[in-house]
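What follows is one structure encoded as structure tokens, with my remarks underneath.
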Amino acid sequence: MPSEHPGPRSRTIPGAIRDPDAVRASRRRLVTEAAGTAVAATAFGIVYGLAARAAGFSIVEALAMSIIVLAGASQFAAVGFVAQGLPWIAIVLLTFLLNARHLLYSAALAPWLQGRSRAERAAMAHGLTDESFAVSLAHFKRIGWGDARGYWLGAAFIVIPWPIATLVGYLGGEAIPSPQALGLDVVFAATMACLAVAVITGRRELAAAISGAVIAVIAALATSTAIGIVAGGVVGPLVGLLVPHRPTDPSDAAPPSPEGHDEAIGVAP
Amino acid sequence: MSLDLVLLALLMGAVTYPSRAIPLLVPGVDRLPKPVLAYLRLVGPAVLAALAAASVLVVTKSGGGPGLHVGVESIAVLVAMGLVIWRRNLLLGIAAAACIVAIARAAGIA
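Set out below in structure tokens:
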């Protein structure tokens, strides 16, 4: 169990709260917020388990994704691509692109956690998701220092329910003889589209999303689906960067935070 | 029981973990150059939109090549997006998309 103290090199802002009761109150708020994300994670995990089963994953394969990758959007993407028989190299490349946003989260948390041991930070990194980032950074800002125990609490509310929900969804899929008849094959595309809408917070994101979609379809029709998606994912942001800078654009705020970060809704985990 | 995709999961984990860990573990990397930050912020929307569009609009024809497909699935996805904009609820949008496709197929439309 991590100690209460942030360590000598961690960020501590003036007026940081040291009163144990106040810190515990902030942790209780973190738990409340994290519990809400856990409910969403559970629902998505069940849908993911269903989709993985429908795509032909074994139960071990579906669970391995949820434990090792722990990133909902890329797991949904992998399920869709495996079902379409796309090459692994395309799946791995898209996973890298989809999960590159974690660099932003990690960079935002790093100053708060620099005082922790390297081993602990390495372990913390695995539990860094959209949701654990949002609730832990909000907690750090409330108390003014990087509370490792708070981080672990927030992460636990995603790391634990996600694989369990995957298992429930996978096993529950036995009761569904024909996933296509229930429209479950459209869940992947709908999830990706809804997530895209959720992360659009400004004109640049909108331009990147539209151009990414158009480029993907054109390139996919000309070559293959995998190449099209990679092309859209790589070139779309470049088009977005061409949109004139607007100081009030939320996409310019840095680093990302729960108050204004670029995952307006996010997907579990 | 197949275990082939466990290797894929490991590869996916191998390209995901560095994004999560490098700024936390390497001093100074937490201050990424502005152009890199700006690009990274746009990767998510672009990749997600590319995935959605290609998944719903591009199908593999019987001959093996890719072809354009505009069907009830496209309408379902558009409705889902509209619901997310309106209600800010992902699950609602996804559930609506599945329901639209299921009803259309039950009615023999799709």
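Residue numbers (my numbering), protein chains in the order written: chain A, 1 to 269; chain B, 1001 to 1110.
Just so you know, even glycine gets a beta-carbon here, dropped at the ideal spot from N, CA and C.
Would you say R204/A and L238/A are within 8 Å of each other, going by their C-beta atoms?
Indexing the first sequence from 1 puts residue 204/A at position 204. Indexing the first sequence from 1 puts residue 238/A at position 238. No; because the gap between Cβ atoms is not below 8 Å, this pair is not in contact.
Where does A107/A land, buried or exposed, given buried means 16+ other C-beta within 10 angstroms?
As a first step, residue 107/A must be located in the first sequence, where it is residue number 107. Burial is judged here by how many other beta carbons sit within 10 angstroms of a residue's own beta carbon; A107/A has at least 16 and is buried.
Touch check for the region 193-209 of chain A and the region 1014-1025 of chain B: three-plus C-beta pairs under 8 Å?
They do not touch, by the three-pair rule.
Select from the region 1055-1070 of chain B all residues with a C-beta closer than 7 Å to any C-beta belonging to chain A, and list them in chain order.
Answer set for the region 1055-1070 of chain B: S1055, V1056, L1057, V1058, P1066 and L1068.
How would you label D147/A, buried or exposed, when you count the other beta carbons within 10 angstroms and need 16 or more for buried?
The residue given as residue 147/A occupies position 147 in the first sequence. Buried, by the Cβ-count rule.
Could you compute how far the alpha carbon of V1084/B sits from the alpha carbon of G144/A?
To locate residue 1084/B, count along the second sequence from 1; it is residue 84. To locate residue 144/A, count along the first sequence from 1; it is residue 144. Distance from the CA atom of V1084/B to the CA atom of G144/A, rounded to whole angstroms, is 34 Å.
Under the DSSP definition of a beta bridge, which residues are partnered with G1067/B?
Your numbering for residue 1067/B matches position 67 in the second sequence. Residue pairing by DSSP places G1067/B opposite V1059/B in a beta bridge.
Of all the residues that make up the region 138-164 of chain A, which are near chain B by a beta-carbon distance shorter than 8 Å?
The residues in question: there are none.
G183/A beta carbon less than 8 Å from that of V1101/B:
Your numbering for residue 1101/B matches position 101 in the second sequence. Your numbering for residue 183/A matches position 183 in the first sequence. Contact flag set, yes.
Compute the Euclidean distance between the alpha carbons of M1012/B and A1107/B, then round it to the nearest angstrom.
Translated into positions along the second sequence, residue 1012/B becomes position 12. Translated into positions along the second sequence, residue 1107/B becomes position 107. Their Cα atoms are separated by approximately 40 Å.
Please compile the residues from chain B whose C-beta is within a distance smaller than 8 Å of the C-beta of L97/A.
Position 97 of the first sequence, counted from the first residue, corresponds to residue 97/A. Correct list: V1043 and V1047.
Span separating the alpha-carbon of L221/A from that of A155/A:
Here residue 221/A refers to the residue found at position 221 when the first sequence is read from its first residue. Here residue 155/A refers to the residue found at position 155 when the first sequence is read from its first residue. Distance between L221/A and A155/A, taken at the CA atoms: about 41 Å.
Between the region 229-249 of chain A and chain B, which residues of the former have CB atoms less than 7 Å from a CB of the latter, in chain order?
Within the region 229-249 of chain A, the residues whose Cβ lies closer than 7 Å to some Cβ of chain B are I229, G232, G233, G236, P237, G240 and L241, listed in chain order.
How big is the Cα-Cα spacing for A1096/B and G1028/B?
Residue mapping note: residue 1096/B aligns to position 96 of the second sequence, counting from 1. Residue mapping note: residue 1028/B aligns to position 28 of the second sequence, counting from 1. CA-to-CA, the gap between A1096/B and G1028/B works out to about 45 Å.
On a CA-only basis, which of H245/A, P244/A, V39/A and A209/A is nearest I229/A? Give me that one, please.
Position 229 of the first sequence, counted from the start, is the residue given in the question as residue 229/A. Proximity to I229/A across H245/A, P244/A, V39/A and A209/A peaks at A209/A, based on C-alpha coordinates.
Between P244/A and R1041/B, what straight-line distance do the alpha-carbon atoms span, to the nearest angstrom?
For the purposes of this step, residue 244/A is taken as the residue at position 244 of the first sequence. For the purposes of this step, residue 1041/B is taken as the residue at position 41 of the second sequence. So the two alpha carbons sit approximately 15 Å from each other.
Beta-ladder partner(s) of W1086/B, from DSSP:
For the purposes of this step, residue 1086/B is taken as the residue at position 86 of the second sequence. Assignment of beta-bridge partners to W1086/B by DSSP yields no partner.
Taking the alpha-carbon of V31/A as reference, which of S178/A, T225/A, V187/A and R149/A has the nearest alpha-carbon?
The residue labelled residue 31/A in the question sits at position 31 within the first sequence. Nearest of S178/A, T225/A, V187/A and R149/A to V31/A, Cα basis: R149/A.
Tell whether a beta-carbon distance below 8 Å holds between V69/A and A1009/B.
Stepping through the first sequence from its first residue, residue 69/A is reached at position 69. Stepping through the second sequence from its first residue, residue 1009/B is reached at position 9. Cβ atoms of V69/A and A1009/B: closer than 8 Å.
For a cutoff of 8 Å on Cβ pairs, would you count I1075/B as touching chain A?
Here residue 1075/B corresponds to residue number 75 of the second sequence, with the count starting at 1. No, I1075/B lies away from the interface with chain A (no Cβ there is under 8 Å from its Cβ).
If you compare alpha carbons, which of V23/A, E33/A, I46/A and V199/A is closest to E174/A?
If you number the first sequence from 1, residue 174/A lands on position 174. Measuring from the Cα of E174/A, the nearest candidate turns out to be I46/A.
What separation, rounded to the nearest whole angstrom, lies between the Cα atoms of F140/A and A25/A?
Start at 1 with the first residue of the first sequence, and residue 140/A comes out as number 140. Start at 1 with the first residue of the first sequence, and residue 25/A comes out as number 25. Taking the straight line from one Cα to the other gives about 13 Å.
Can you find a C-beta in chain B that's less than 8 Å from the C-beta of S136/A?
If you number the first sequence from 1, residue 136/A lands on position 136. No - not a single Cβ of chain B is within 8 Å of the one on S136/A.
Same chain only: Cβ atoms within 8 Å of A1098/B, ignoring 5 sequence neighbours per side
Here residue 1098/B refers to the residue found at position 98 when the second sequence is read from its first residue. Cβ contact annotation for A1098/B (same chain, cutoff 8 Å, sequence separation greater than five): A1076, in chain order.
Compare the beta carbon distance of P179/A and S66/A with 8 Å and say whether it is the shorter of the two.
In the first sequence, counting from the first residue as 1, residue 179/A sits at position 179. In the first sequence, counting from the first residue as 1, residue 66/A sits at position 66. No, they are not a contact pair.
Could you tell me which chain A residues have their CB closer than 8 Å to the CB of P1033/B, listed as they occur along the chain?
Counting from one through the second sequence, the residue named residue 1033/B turns up at place 33. Under the 8 Å cutoff, chain A gives no residues; its nearest Cβ is about 11 Å from P1033/B.
What is the rounded straight-line gap between the Cα of P196/A and the Cα of D130/A?
In the first sequence, counting from the first residue as 1, residue 196/A sits at position 196. In the first sequence, counting from the first residue as 1, residue 130/A sits at position 130. Note on identity: in this sequence residue 196/A is Ala, with Pro being the wrong assignment. The alpha-carbon atoms of A196/A and D130/A are separated by roughly 14 Å.
Reduced DSSP secondary structure (H/G/I, E/B, other) of E259/A:
Taking the first residue of the first sequence as 1, we reach residue 259/A at position 259. In this prediction, E259/A has a pLDDT of 34, which is less than 50 and means its spatial position is unreliable; nothing more can be read from the coordinates.
Contact the region 1050-1069 of chain B vs the region 110-121 of chain A: 3+ CB pairs below 8 Å
In short, these stretches do not touch, since the Cβ pair count stays below three.
Kindly list, in the order they appear in chain B, the residues whose Cβ is closer than 8 Å to that of L221/A.
As a working note, residue 221/A is residue 221 in the first sequence. The contacting residues are V1058, P1066, G1067 and L1068.
Beta-carbon spacing of V1072/B, A1104/B below 8 Å
Counting from 1 along the second sequence, the entry for residue 1072/B is found at position 72. Counting from 1 along the second sequence, the entry for residue 1104/B is found at position 104. Contact: yes.
Proximal chain A residues relative to I1022/B, where beta-carbon distance stays under 8 Å:
Sequence index remark: in the second sequence, residue 1022/B carries index 22 (1-based). Those within 8 Å of I1022/B in chain A are L103 and S106.
Endpoints, alpha helix (DSSP H) assigned at V135/A
By 1-based counting over the first sequence, the position of residue 135/A is 135. First-last of the alpha helix (DSSP H) with V135/A: D130 to I143.
Can you look up P20/A in the DSSP assignment and give me helix, strand or coil?
Within the first sequence, residue 20/A is the residue found at index 20, counting from 1. Here P20/A sits in helix by DSSP.
Interface partners of A78/A on chain B, CB under 9 Å
Here residue 78/A corresponds to residue number 78 of the first sequence, with the count starting at 1. Chain-ordered, the chain B residues with CB closer than 9 Å to the CB of A78/A read L1005, L1008, A1009 and M1012.
Using only CA atoms, which one of A122/A, E120/A, L97/A and F188/A lies nearest to F81/A?
Within the first sequence, the letter at position 81 stands for residue 81/A. Of A122/A, E120/A, L97/A and F188/A, the residue nearest in Cα terms is F188/A.
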